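In structure tokens, the structure reads:
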């Protein structure tokens, strides 16, 4: 430390607690530095602000602080009784927030991404066999997913912001260093990485080339990235939207995720619409009885359980009559599409129908499980009463000053 600083502020360097970390210098120069400073030589990788610093490509093991942090968070939450919606929100907000710190600095190896996905997948589904593939739920809700960001694609979007910062020569020490040492004052769009350059720089070049190929030229790429940007830099949400895989939009999917429908109802309806509920016809590999637990007469398929079974037919008939629905439901998809198409002028009635649909599917599924796993006696009348009470209760919170229903 300079003598002036030491004398003015009374600060001195504790040589016993200080180390020097070097990379790319000759051994005689290193020995000279150590002799002059009396510091010990530190070994890389070393953690700084929780992030590993290394002179070469990080191994999968070097990412263990990130994986361990996510695993520790999940182990704390696993001890609590969390709903599916609660687990989903924790993944979206907390875990993906932890990821973000790393993803904007490092290009994550596929093996690390898979470890993170496995942890999140097991937590979301309570370590059970996942009924829906992780790749499928990493889509927006209007494309049939759950709105979780895919780690690898999010990594690309965040690194695209780094690329944009290099392009606009953002006022940071690291950007200035890259500009001086690697670009040598030139353009990032013309620069070609060398074989020995860091994995980060090589990954940035890959992203740059991908964008140029997509838009046809560096000039067009710059124009499009400028459209993703604001006064603070590149909007990573817009970048993610560009890079993520797209699927055909399913407008009916947004209907089941309405804010006024309890998430647990939406979740079961979502699984039902995807054909992923574990009905007995899908569990034949367990060599168990595949007959319907509510009527005992037919094989339990999703269509039978929710619409063809005399038990469920009784429930639907009563709910349809109560809500003034003349159309007979035959599948979950046709029911949702019909409710979208046949909207009434009454906001109360439209909401009541959507809530009732989700609540009925959830109630039939829950009652089916109670009969199988708890030995309860099937009681369709009780389900009808429970559904009506639930619909009234939700509507009263939405329309506390006026609710007219028969």
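Residue numbers (UniProt numbering): 1 to 406.
From the three backbone atoms N, C-alpha and C, an ideal C-beta is built for every residue, glycine too.
Remember, predicted model here, so these are calculated numbers, not experimental data.
Using alpha carbons as the reference points, say which of 277, 48, 20 and 32 lies closest to residue 40. 20
Taking all protein chains shown into account, decide if residue 177 is buried (16 or more other Cβ within 10 angstroms of its Cβ) or exposed. exposed
Please go through the stretch 351 to 406 and give each complete alpha helix (DSSP H) segment of 4 or more residues, from N-terminal end onward. 380 to 398
Can you check which of these residues, 355, 329 and 244, is closest to residue 150 by C-alpha distance? A check of alpha carbon separations from residue 150 across 355, 329 and 244 identifies 244 as the nearest.
With C-beta atoms as the reference, is residue 55 less than 8 Å away from residue 79? no
Beta-carbon proximity of residue 73 to residue 94, cut-off 8 Å: yes
Please give the ranges of any alpha helix (DSSP H) in the UniProt domain "Reverse transcriptase zinc-binding" (236 to 316), keeping only runs that are unbroken, at least 4 residues long and fully inside the region. Given a length threshold of 4 residues, each whole run of the alpha helix (DSSP H) inside the UniProt domain "Reverse transcriptase zinc-binding" (236 to 316) is given here in chain order: 236 to 243, 251 to 256 and 263 to 273.
Would you give the residue range spanned by the alpha helix (DSSP H) that residue 67 belongs to? Annotation for residue 67: the continuous alpha helix (DSSP H) segment containing it runs 64 to 78.
Pull up the distance between the alpha-carbon of residue 229 and that of residue 172, whole angstroms please. A direct Cα-Cα distance of roughly 18 Å separates residue 229 from residue 172.
Contact between the stretch 298 to 312 and the stretch 267 to 280 is defined here as three or more beta-carbon pairs at a separation below 8 Å; is this criterion met? Yes: the two stretches touch, three or more of their Cβ pairs being nearer than 8 Å.
Just tell me which of 159, 168, 101 and 60 has its CA closest to the CA of residue 49. 101
Just to confirm before moving on: does the CB-CB distance between residue 354 and residue 258 stay below 8 Å? Taking 8 Å as the Cβ cut-off, residue 354 and residue 258 qualify as a contacting pair.
How would you label residue 30, buried or exposed, when you count the other beta carbons within 10 angstroms and need 16 or more for buried? With fewer than 16 Cβ atoms within 10 Å of its Cβ, residue 30 is classed as exposed.
So who's on the other strand from residue 230, going by DSSP bridges? Residue 230 is bridged to 233.
Assign residue 145 to buried or exposed, taking buried as 16 or more other Cβ atoms, counted over all protein chains shown, within 10 Å of its Cβ. Buried: at least 16 other Cβ atoms inside 10 Å.
In the DSSP assignment, find the beta strand (DSSP E) that holds residue 51 and state where it starts and stops. Membership of residue 51 in the beta strand (DSSP E) is indicated by the continuous run 51 to 53.
Can you check whether the CB of residue 233 is closer than 8 Å to the CB of residue 155? no
Tell me whether residue 20 sits in a helix, a strand or coil according to DSSP, three-state version. Residue state for residue 20 is assigned as strand, using DSSP reduced to three classes.
Alpha carbon to alpha carbon, how far is residue 293 from residue 385? Give it in angstroms, no decimals. 21 Å
Using DSSP with H/G/I as helix, E/B as strand and the rest coil, what is residue 92? helix
Can you have a look at residue 325 and say buried or exposed, based on whether 16 or more other CB atoms are within 10 angstroms of its CB? buried
Reduced DSSP category for residue 46 - H, G, I as helix; E, B as strand; rest coil: strand
Determine contact between the stretch 110 to 130 and the stretch 237 to 256, defined as no fewer than three beta-carbon pairs at a distance below 8 Å. no
In whole angstroms, what is the alpha-carbon distance linking residue 394 and residue 284? 38 Å
Quick one: does residue 272 have its CB under 8 Å from some CB of chain B? Here there is only one protein chain, and chain B is not present.
Residue 133, buried or exposed, once every other Cβ within 10 Å from all chains shown has been counted against 16: exposed
State the CB to CB distance for the pair residue 296 and residue 361, rounded to an integer number of angstroms; the pair is presumed to be in contact (CB under 8 Å). Between residue 361 and residue 296 the Cβ distance is about 21 Å, and since that is not below 8 Å, they are no contact.
Could you pull out every residue in the same chain whose Cβ sits closer than 8 Å to the Cβ of residue 189, ignoring the five residues on either side in sequence? 167, 208, 212, 218, 221 and 222
Contacts around residue 191, its chain only, beta-carbon distance under 7 Å, and the 5 residues preceding and following it disregarded: 182 and 183
Which word fits residue 76, buried or exposed, when buried means at least 16 other C-beta atoms lie within 10 angstroms of its C-beta? exposed
Taking 8 Å as the cut-off, does the stretch 305 to 320 touch the stretch 363 to 383 (at least 3 CB pairs, one atom from each stretch)? yes
Between the Cα of residue 59 and those of 169, 110, 162 and 195, spot the shortest distance and give me the residue it belongs to. 110
Rounded straight-line distance, which links the Cα of residue 375 to that of residue 400: 38 Å
On a Cα-Cα basis, can you pick out the residue from 104, 371 and 97 that is closest to residue 291? 371
Counting C-beta neighbours from all protein chains within 10 Å, is the total for residue 392 16 or more, i.e. buried, or is it exposed? exposed
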